[in-house]
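In our numbering, the protein residues as written are 16 to 238.
Using N, Cα and C, we set each Cβ at its ideal position, and we do this for glycine too.
What follows is a set of notes on a single structure, which appears directly below.
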Amino acid sequence: MSKEGDQGLTVEDAHVDVLSDAFFQARRAELAQRVKPKRFEHSLGVSEMAGRMARIYGADEGLARLAGLLHDWDKGYDDEGIRRRVAELGLMEQLASYMDMPHLLHGPTAAAALKCDFPQLPDALLQSIRLHTTGAVHMTDLDMIVYTADAIEPSRDYPGIEALRQLVGVVDLQELYLSTFQHVLENLVQRRKRIHPDTVTVWNSYVACDKKRRAQQHTKGNK
Numbered sequence: 016m017s018k019e020g021d022q023g024l025t026v027e028d029a030h031v032d033v034l035s036d037a038f039f040q041a042r043r044a045e046l047a048q049r050v051k052p053k054r055f056e057h058s059l060g061v062s063e064m065a066g067r068m069a070r071i072y073g074a075d076e077g078l079a080r081l082a083g084l085l086h087d088w089d090k091g092y093d094d095e096g097i098r099r100r101v102a103e104l105g106l107m108e109q110l111a112s113y114m115d116m117p118h119l120l121h122g123p124t125a126a127a128a129l130k131c132d133f134p135q136l137p138d139a140l141l142q143s144i145r146l147h148t149t150g151a152v153h154m155t156d157l158d159m160i161v162y163t164a165d166a167i168e169p170s171r172d173y174p175g176i177e178a179l180r181q182l183v184g185v186v187d188l189q190e191l192y193l194s195t196f197q198h199v200l201e202n203l204v205q206r207r208k209r210i211h212p213d214t215v216t217v218w219n220s221y222v223a224c225d226k227k228r229r230a231q232q233h234t235k236g237n238k
C-alpha cells in the first residue's frame with residue numbers, strides 16, 4: 016500500500032527522487048502549513064545559507080538545501096506537544112535526558128518522523144537534522160553546515176552575527192562551526208540558561224581536538 020503525500024507524491028515509491036525540485040517544493044508547501052510564518056521564513060533562510068555554504072566548502076548542495084528546509088519540521092509543537100511527539104515516535108528512552116529541555120527535542124523528533132514518512136531520505140541528511148539542536152562529537156561537514164546555517168541565516172539578528180557571517184569562506188568549516196558553537200554557548204551562559212551535559216561534552220571534545228591540531232601546525236611551522 017502506498018501513502019500519498021500532500022502534493023501528490025507517492026512517498027513510499029522507491030522511485031521518488033527526494034533531491035528533486037518537485038520533492039523540495041512539495042515539502043516547502045507542507046512546511047508552510049506546519050509552522051508559523053516567521054519560522055517558515057527562517058527555514059527558507061537556513062536552506063539558502065546551507066546551500067551557499069555547501070558550494071563554498073565542497074559539500075552536496077542539494078542535500079544541504081533540503082536539510083536546511085526540513086530542519087525545523089517539528090518546530091510547530093509546544094512543549095507538551097513535542098514531549099507527546101517523543102512518546103509517539105518511541106524515543107522516550109533515547110531522549111530521556113532531554114525531556115525537561117523540550118526546546119532541544121524537535122531535531123531528533125523531526126529526523127525520526129521524516130524517516131518514517133520519507134524512507135528514501137539519506138541517513139546523512141536525517142543525521143544533520145537530528146543534531147542541529149545539540150551538536151555532537153565528530154560532526155560531518157553536512158552536520159556542521161546545517162548547525163551553522165541555522166545560526167547565521169539572513170533573517171537572524173543578534174549581537175555578533177555579522178562577525179560569524181564574515182567567517183564563511185574565510186576560515187575552514189570546522190573553525191566556522193566551532194566559532195558558532197562558542198557563540199551559542201556563551202549566549203546561554205549570559206542568559207543564565209541551562210546547558211545540557213552533552214553540549215559540554217561536545218565543546219570539550221572539539222577544544223581538545225583543536226588544541227592538538229594547532230600544536231601540530233605549530234610543530235610543522237618550526238621545522
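By the DSSP assignment, the alpha helix (DSSP H) with residue i in it spans what residues?
i	result
THR163	156-167
MET107	Looking at the DSSP string, MET107 is not in any alpha helix (DSSP H), and its letter there is neither H nor E.
ASP138	138-146
LEU182	Premise fails: LEU182 is in no alpha helix (DSSP H) and is neither H nor E.
ASP94	94-103
LEU46	36-49
According to DSSP, is residue i part of a helix, a strand, or is it coil?
i	result
PHE133	coil
MET64	helix
ARG80	helix
THR149	coil
LYS208	coil
LEU191	helix
SER220	helix
TYR113	helix
LEU120	coil
ALA127	helix
ARG54	helix
ARG228	helix
Note down, in chain order, each residue of its chain lying with its Cβ closer than 7 Å to the Cβ of residue i, except the 5 sequence neighbours on either side.
i	result
LEU193	TYR221, ASP225
PRO117	ASP94, ILE97, ARG98
ASP213	THR149
Rounded to the nearest angstrom, what separates residue i and residue j at their Cα positions?
i	j	result
THR124	ARG100	7 Å
ASP165	ALA230	31 Å
ARG209	LEU200	10 Å
ARG67	GLU76	8 Å
ARG145	PHE55	18 Å
HIS147	GLY122	6 Å
LEU188	GLU168	16 Å
LEU81	MET154	18 Å
GLN142	ASP158	7 Å
ALA178	ARG206	20 Å
LEU203	HIS211	11 Å
Answer with buried or exposed for residue i, where buried requires no fewer than 16 other C-beta atoms within 10 angstroms of its C-beta.
i	result
ALA127	buried
ASP156	buried
TYR239	With the chain covering 16 to 238 only, the question about residue 239 has no answer from this structure.
ALA44	exposed
GLY248	Any property of residue 248 remains undetermined from this structure, which presents the chain solely from 16 to 238.
SER62	buried
MET64	buried
ARG70	exposed
ASP138	exposed
Ordered along the chain, which non-local residues of its own chain (more than five positions away) have a Cβ less than 8 Å from that of residue i?
i	result
GLY175	HIS198
ALA47	PHE55
PHE196	GLY150, TYR162, VAL217, TRP218, TYR221
Among the residues of its own chain, which have a CB less than 6 Å from the CB of residue i, if the five just before and after it don't count?
i	result
VAL152	VAL217, SER220
VAL50	LYS90, GLY91
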